[in-house]
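There are 4 protein chains.
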Amino acid sequence: MTPPSNGQAAESNDHLVQSDNPEHPANLIPSLCAKFWTLGWVTGTGGGASIREDDLVYIAPSGVQKELMKPSDIYVLSLAAQAQSLDRRNRVYLRSPPSYKPSQCTPLFLAAFTKRRAGCCIHTHSHWAVLVTLILETQGAGKDREFRINNIEQIKGFGKGFEKSGNLGYHDTLVIPVIENTAHEEDLTEFLEEAMDKYPDTYAVLVRRHGVYVWGDNVHKAKTQCESLDYLFQLAVEMKQLNLPWITDIEPVTPRKP
Amino acid sequence: MTPPSNGQAAESNDHLVQSDNPEHPANLIPSLCAKFWTLGWVTGTGGGASIREDDLVYIAPSGVQKELMKPSDIYVLSLAAQAQSLDRRNRVYLRSPPSYKPSQCTPLFLAAFTKRRAGCCIHTHSHWAVLVTLILETQGAGKDREFRINNIEQIKGFGKGFEKSGNLGYHDTLVIPVIENTAHEEDLTEFLEEAMDKYPDTYAVLVRRHGVYVWGDNVHKAKTQCESLDYLFQLAVEMKQLNLPWITDIEPVTPRKP
Amino acid sequence: MTPPSNGQAAESNDHLVQSDNPEHPANLIPSLCAKFWTLGWVTGTGGGASIREDDLVYIAPSGVQKELMKPSDIYVLSLAAQAQSLDRRNRVYLRSPPSYKPSQCTPLFLAAFTKRRAGCCIHTHSHWAVLVTLILETQGAGKDREFRINNIEQIKGFGKGFEKSGNLGYHDTLVIPVIENTAHEEDLTEFLEEAMDKYPDTYAVLVRRHGVYVWGDNVHKAKTQCESLDYLFQLAVEMKQLNLPWITDIEPVTPRKP
Amino acid sequence: MTPPSNGQAAESNDHLVQSDNPEHPANLIPSLCAKFWTLGWVTGTGGGASIREDDLVYIAPSGVQKELMKPSDIYVLSLAAQAQSLDRRNRVYLRSPPSYKPSQCTPLFLAAFTKRRAGCCIHTHSHWAVLVTLILETQGAGKDREFRINNIEQIKGFGKGFEKSGNLGYHDTLVIPVIENTAHEEDLTEFLEEAMDKYPDTYAVLVRRHGVYVWGDNVHKAKTQCESLDYLFQLAVEMKQLNLPWITDIEPVTPRKP
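Protein chains in written order, with my numbering: chain A, 2 to 259; chain B, 2 to 259; chain C, 2 to 259; chain D, 2 to 259.
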């Protein structure tokens, strides 16, 4: 059998996206994206989501209305097959939908799966995320490369980091690196990977004037970390409007009765 | 058969709005408008939407509660028949609902269909659109006739222009012309057409203190461009509240690994 | 048959609230209130709605969770019977629900029905309405007794006034009177009636630090006027945050091609 | 039968969370939490809710996605059994879900049930609540330990206090105590109980940079008080943005016709 020259698998492999189980990635991605659309995270076909199960990666296509996506719209690729490819940009899909193009987010999702063994990665265009990166631009001396906030309960919604157990504490400072946007989304990949190397424990990277990538060990963790982060971004913007600082020095309260 | 004198077709032609296909324009306009009502785009019977399929134009009526619209509420007219009419304001409907009046937006929708060969046109009263036109009023020297924003990822949600392929880039400046509102909505038509002539590549025109008209080659493109634009209008208002400029000069980031 | 002494009809008259027609007032009030709850108009059992059909008035009870209301929760009274009552505060209900108390809004709804022949009256606690009355408080010299806005398209959503045909125009100034809140909601009635006398063409009265009463000839008009008003209140608050004036002097734009 | 050593009941007691009645606590907690998720109160697994029926307490587990909760996820414990336990921190559950951990909110919910005989307690991370506590931080001299607001109609949504009948009036000042957040949520318990002792009539306690606990005699009262409070917190933040004071001195309006 001659390999297909156009990056498409010879067989349709439609069975990979057909399941009666609502928890199957091909069903879960559409239902998650419909929810994200309502939250304003994937407006106007922006943003996206991807789930990895063992070797298989399921990805929403480019240019789809996220609240109307169907399981049959989903791309599937193999991490192992992809790793053997000499050209990172030539991706071989096990299964492609008939009428869409692959998402430009694909190599960024793959970075989370390969460098962090994530089970799910979510990309939002939430305007709270964009506003946070814009507010940071007004701060000089390299301070705009990190979003930092502490002493907010919702910070507990984040894991301590890659291969570490437990979650951040109330007094811990959550640090999310910010990378500059590039003209082409695929070109973000090397900068996202750099940020992952420099901040090995982060579960998210902000992209200036663009949005945020958030991942987690599984769908549950990626989604709830993404919700917690959007909550903190919204709070941070509202704090800025009220002239309240994101970082404070608070004396821990000690319980009297141990 | 004597032509009807009252601008109504002699036959009811109800079959034109009866279909089991949810993608039929007579079904799609109500479902779209219900979604738009939830987004705050068509509050209090304001705003509307129209779809063109070849020669036939489907239009929501005037004064209808947009989240409650039914396929039987839809007007249908023929572009060819309309073109032969000597009086632009005398429109002959192939099919009229029994208990509504035609939308005052009709000639504005027709402008998008005839001058830009659009397949769908959406009119919203989104208060983000209205606020953008109000903020622009505070800027003198004719600067209030254009909304301009650049270096925001969501700008990629717009096509490059009429009969051009491809989309705008991240560093491109999105320019949306602003026309002044008139006492009667039909009177906007000539100014909308003027703006289309002056800005041949725009897919939208803002109407001061009123809202926005957005179109696209088909329903998908009109809707996603309208969502992207509303996203940008909201972002622009929030940027204004935070004293962040809409236009910036940013050095493009070049990928190191080509 | 001895008349009931406790203001309750001897018979249950449950048939008055039982109908398969979704447009029946006893079905419509719950579905409207569920929608209003989502809009933030009737949070925490605040606000309410009433519909009149000829002599019969249907009213949501006091203290009910508005998104959970059922047709069997509805009160029904007769306008004619109420008019014969010597004591305005002693209302005889044709039908009462078993486990609720009558709404304190009842005499205010009745004022709209008797003084304006309204078919529906809506009372919201929308915080946009409350904020508008709070902003007005900061303006002295009696200027706080009226909300005024002009040159916004959505103003066209209001009728010209009681027994007048046609709607307000874009350049017309919408004037909504503001009355002071009283400790007991029933005590608002005389002030609401005074405002109706002083502003015979208004379809709404703002209540300081409380909310708004909006009515219309029928459910459609009351609801769409209430939506348009809430839209304008929200816009007015956002304009205030951006230092944009509510009243402007704009030269009308004349169409060149008549 | 030897008592289980790990804080789990020997029997599964699954029948305690199985009912066809939508008003059963095991059904009501998931439907309430789904609604709260939509309101932004329980984002990212934050917040929670608990219902008491006589001796039995039903509690949402820790770490669950609140809009996806199922009746089988609910913990059940006995107040009487808990009262006999020498160690407050060792709780014996009559029924535990197979795959979750108990909520850290449990001792705080129990405080409302035992010290106030509440029938329901709700904990939200609403960012309006958090913002109010942040704004209060900017006020010195101990003024940051109470949220105070008066002369807003929605204040009537609160009961006068523990074992008192009737509700607050329009001119009454609603006072909600604020306690400092602790690193571990369970450690809040003693401070919450202290606040209950110091403010015996309050139905809510704010937790700095964290959220709010709200309770009521039953589900209806806890939920509507929580809604009213969130409404007031949102209003208070918006008033702050517009430089409007939370406390004012207003002359009561007296009705002329008694």
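Idealized CB from N, CA, C, for every residue including glycine.
These figures come from a predicted structure and were not determined experimentally.
Worksheet item: What are the boundary residues of the beta strand (DSSP E) that includes residue 26 of chain A?
Response: Translated into the one-based positions of the first sequence, residue 26 of chain A becomes position 25. Taken as a continuous stretch (DSSP letters only), residue 26 of chain A belongs to no beta strand (DSSP E), being part of the alpha helix (DSSP H) at 26 to 39.
Item to complete: Go ahead and pull the three-state DSSP assignment for residue 144 of chain D.
Response: As a working mapping, residue 144 of chain D is identified with position 143 in the fourth sequence. Assigned with DSSP and collapsed to three states, residue 144 of chain D falls in helix.
Item to complete: Please list the residues of the stretch 235 to 252 of chain D that have a C-beta atom closer than 7 angstroms to any C-beta atom in chain A, keeping them in chain order.
Response: So the list reads 241 and 242, given in the order they occur along the chain.
Fill in: Beta-carbon proximity of residue 127 of chain B to residue 38 of chain B, cut-off 9 angstroms
Position 126 of the second sequence, counted from the first residue, corresponds to residue 127 of chain B. Position 37 of the second sequence, counted from the first residue, corresponds to residue 38 of chain B. In this structure, residue 38 of chain B does not lie closer than 9 angstroms to residue 127 of chain B by Cβ.
Item to complete: Give a yes or no on whether the minimum CB-CB distance between residue 188 of chain B and chain C is below 9 angstroms.
Response: The count along the second sequence starts at 1 and reaches residue 188 of chain B at position 187. Judged by the 9 angstroms Cβ criterion, residue 188 of chain B is in contact with chain C.
Worksheet item: Could you check where the alpha helix (DSSP H) with residue 80 of chain D kicks off and where it finishes?
Response: The count along the fourth sequence starts at 1 and reaches residue 80 of chain D at position 79. Segment 80 to 85, the alpha helix (DSSP H) holding residue 80 of chain D.
Discussion item. At the level of alpha carbons, what is the spacing between residue 81 of chain C and residue 217 of chain C?
Written reply: Within the third sequence, numbered from 1, the residue matching residue 81 of chain C stands at position 80. Within the third sequence, numbered from 1, the residue matching residue 217 of chain C stands at position 216. When rounded, the separation of the alpha-carbon atoms in residue 81 of chain C and residue 217 of chain C is 20 angstroms.
Practice prompt. Output the distance between the C-alpha atoms of residue 7 of chain D and residue 67 of chain B, rounded to the nearest integer angstrom.
Written response: In the fourth sequence, the residue the question calls residue 7 of chain D occupies position 6. In the second sequence, the residue the question calls residue 67 of chain B occupies position 66. Any reading at residue 7 of chain D is ruled out, since the residue's pLDDT is 46, under 50, leaving its predicted position unreliable.
Worksheet item: Run through DSSP, which three-state label would residue 199 of chain A get?
Response: For the purposes of this step, residue 199 of chain A is taken as the residue at position 198 of the first sequence. Residue 199 of chain A: helix per DSSP, three-state reduction.
Item to complete: Indicate the three-state DSSP secondary structure (helix, strand or coil) for residue 248 of chain B in the structure shown.
Response: Translated into the one-based positions of the second sequence, residue 248 of chain B becomes position 247. Residue 248 of chain B falls in the coil class under three-state DSSP.
Item to complete: Using alpha carbons as the reference points, say which of C:252, C:194, C:125 and C:153 lies closest to residue 227 of chain C.
Response: The residue labelled residue 227 of chain C in the question sits at position 226 within the third sequence. Per the Cα distances, C:125.
Worksheet item: Can you round the beta-carbon distance between residue 33 of chain A and residue 77 of chain A to whole angstroms, since I take them to be within the 8 angstroms contact cut?
Response: As a position in the first sequence, residue 33 of chain A is number 32, starting the count at 1. As a position in the first sequence, residue 77 of chain A is number 76, starting the count at 1. Wrong, their Cβ atoms sit about 16 angstroms apart, outside the cutoff.
Discussion item. Cutting at 7 angstroms between CB atoms, please list the residues of its own chain near residue 220 of chain C, excluding the five before and the five after it.
Written reply: As a first step, residue 220 of chain C must be located in the third sequence, where it is residue number 219. Closer than 7 angstroms at Cβ, skipping near neighbours: 29, 52, 120 and 121.
Worksheet item: Quick one, which of D:199, D:155 and D:196 has its alpha-carbon nearest residue 225 of chain D's?
Response: In the fourth sequence, the residue the question calls residue 225 of chain D occupies position 224. Measuring C-alpha to C-alpha distances from residue 225 of chain D to each of D:199, D:155 and D:196 identifies D:155 as the nearest.
Item to complete: Note down the Cα distance separating residue 54 of chain B from residue 110 of chain B, rounded to an integer number of angstroms.
Response: As a first step, residue 54 of chain B must be located in the second sequence, where it is residue number 53. As a first step, residue 110 of chain B must be located in the second sequence, where it is residue number 109. Their Cα atoms are separated by approximately 13 angstroms.
Item to complete: Quick one: give me the first and last residue of the alpha helix (DSSP H) that residue 137 of chain A is part of.
Response: Here residue 137 of chain A is taken as the residue at index 136 of the first sequence, counted from 1. Segment 128 to 138, the alpha helix (DSSP H) holding residue 137 of chain A.
Discussion item. Closest to residue 165 of chain A by C-alpha separation, out of A:146, A:117 and A:141, would be which residue?
Written reply: Locating residue 165 of chain A in the first sequence gives position 164, where the first residue counts as 1. Closest by alpha carbon: A:117.
Worksheet item: Is the beta carbon of residue 57 of chain C less than 9 angstroms from the beta carbon of residue 73 of chain C?
Response: For the purposes of this step, residue 57 of chain C is taken as the residue at position 56 of the third sequence. For the purposes of this step, residue 73 of chain C is taken as the residue at position 72 of the third sequence. Judged by beta-carbon spacing, residue 73 of chain C lies beyond the 9 angstroms limit of residue 57 of chain C, meaning their Cβ atoms are not closer than that value.
Item to complete: Note down, in chain order, all residues in the stretch 145 to 176 of chain A with a beta-carbon under 7 angstroms from any beta-carbon belonging to chain D.
Response: In summary, the residues of the stretch 145 to 176 of chain A whose CB is separated from some CB of chain D by less than 7 angstroms are 152, 153, 154, 155, 158, 170, 171 and 172, in the order they occur in the chain.
Practice prompt. Count the C-beta pairs between the stretch 137 to 146 of chain B and the stretch 238 to 253 of chain B that are closer than 8 angstroms, then say yes if the count reaches three, no if not.
Written response: Counting Cβ pairs under 8 angstroms, fewer than three are found: no touch.
Discussion item. Give me the chain D residues within the contact set of residue 225 of chain A, using Cβ-Cβ distance strictly less than 7 angstroms, ordered along the chain.
Written reply: Position 224 of the first sequence, counted from the start, is the residue given in the question as residue 225 of chain A. In chain order: 45, 46 and 66.
Worksheet item: Shorter than 9 angstroms from the beta carbon of residue 206 of chain C to some beta carbon of chain D?
Response: The residue given as residue 206 of chain C occupies position 205 in the third sequence. For residue 206 of chain C, the answer is no, since every Cβ of chain D falls outside 9 angstroms of its Cβ.
Item to complete: Would you mind stating whether residue 63 of chain D and residue 102 of chain D have Cβ atoms separated by less than 9 angstroms?
Response: To locate residue 63 of chain D, count along the fourth sequence from 1; it is residue 62. To locate residue 102 of chain D, count along the fourth sequence from 1; it is residue 101. Closer than 9 angstroms, so yes.
Practice prompt. Taking only runs that begin and end inside the stretch 173 to 221 of chain D, name each unbroken alpha helix (DSSP H) of 4 or more residues, in chain order.
Written response: Within the stretch 173 to 221 of chain D, the complete alpha helix (DSSP H) runs of at least 4 residues are 189 to 199.
Discussion item. Suppose the cutoff is 6 angstroms on Cβ atoms and the five residues either side in sequence are ignored; what does the same chain contact list for residue 13 of chain D look like?
Written reply: Walking along the fourth sequence from the start, residue 13 of chain D turns up at place 12. So no residue of the chain qualifies.
Worksheet entry | Continuous beta strand (DSSP E) assignments of at least 3 residues falling wholly in the stretch 44 to 129 of chain A | Counting whole runs of 3 or more residues, the stretch 44 to 129 of chain A contains the beta strand (DSSP E) stretches 49 to 54, 57 to 60, 76 to 79, 94 to 96 and 121 to 125.
Worksheet item: Going by the CB atoms, is the gap between residue 158 of chain D and residue 47 of chain C shorter than 9 angstroms?
Response: On the third sequence, residue 47 of chain C is found 46 positions in, with the first residue counted as 1. On the fourth sequence, residue 158 of chain D is found 157 positions in, with the first residue counted as 1. Yes, the pair counts as a contact, with Cβ atoms nearer than the cut-off.
Worksheet item: I think residue 230 of chain B touches residue 196 of chain B, with their Cβ atoms under 8 angstroms apart; what is that distance to the nearest whole Å?
Response: Here residue 230 of chain B corresponds to residue number 229 of the second sequence, with the count starting at 1. Here residue 196 of chain B corresponds to residue number 195 of the second sequence, with the count starting at 1. Not quite, the Cβ-Cβ distance comes to about 15 angstroms (not below 8 angstroms), so this is no contact.
Fill in: Exposed unless 16 or more other CB atoms sit within 10 angstroms - verdict on residue 185 of chain B
To locate residue 185 of chain B, count along the second sequence from 1; it is residue 184. Its Cβ having fewer than 16 others within 10 Å, residue 185 of chain B is exposed.
Worksheet item: When the Cα atoms are used, what is the spatial distance from residue 252 of chain C to residue 129 of chain C?
Response: Reading the third sequence from its first residue, position 251 is the one you call residue 252 of chain C. Reading the third sequence from its first residue, position 128 is the one you call residue 129 of chain C. Taken atom to atom, the span from the alpha-carbon of residue 252 of chain C to that of residue 129 of chain C is near 29 angstroms.
Practice prompt. Excluding the 5 residues preceding and the 5 following residue 232 of chain C in the sequence, name in chain order all residues of the same chain whose CB lies nearer than 7 angstroms to its CB.
Written response: In the third sequence, residue 232 of chain C corresponds to position 231, counting from 1. The residues are 155.
Practice prompt. Measure from the C-beta of residue 231 of chain B to each C-beta in chain A and report whether the shortest distance is under 9 angstroms.
Written response: In the second sequence, residue 231 of chain B corresponds to position 230, counting from 1. Yes, residue 231 of chain B lies at the interface with chain A (some Cβ there is under 9 angstroms from its Cβ).
Worksheet item: Listing by chain order, which chain D residues have their CB less than 7 angstroms from the CB of residue 256 of chain A?
Response: Mapped onto the first sequence, residue 256 of chain A falls at position 255. What residue 256 of chain A touches in chain D, judged by beta-carbon distance under 7 angstroms, is 183, 188 and 191, going in chain order.
Item to complete: Return the chain-ordered list of same chain residues with a C-beta closer than 7 angstroms to the C-beta of residue 104 of chain A, the five sequence neighbours on each side being excluded.
Response: Locating residue 104 of chain A in the first sequence gives position 103, where the first residue counts as 1. If we look at residue 104 of chain A and ignore the five residues flanking it on each side, its Cβ neighbours are 49, 60, 61, 62 and 63.
Discussion item. Residues in the same chain with beta-carbon distance under 7 angstroms from residue 4 of chain B, minus the five sequence neighbours each way, listed in chain order, please.
Written reply: Taking the first residue of the second sequence as position 1, residue 4 of chain B is located at position 3. Bear in mind that the predicted position of residue 4 of chain B carries a pLDDT of just 42, short of 50, making it too unreliable to give a figure here.
Worksheet item: Does the ligand GTP have a heavy atom nearer than 8 angstroms to the CB of residue 197 of chain C?
Response: The model depicted lacks the ligand GTP and carries no ligand whatsoever.
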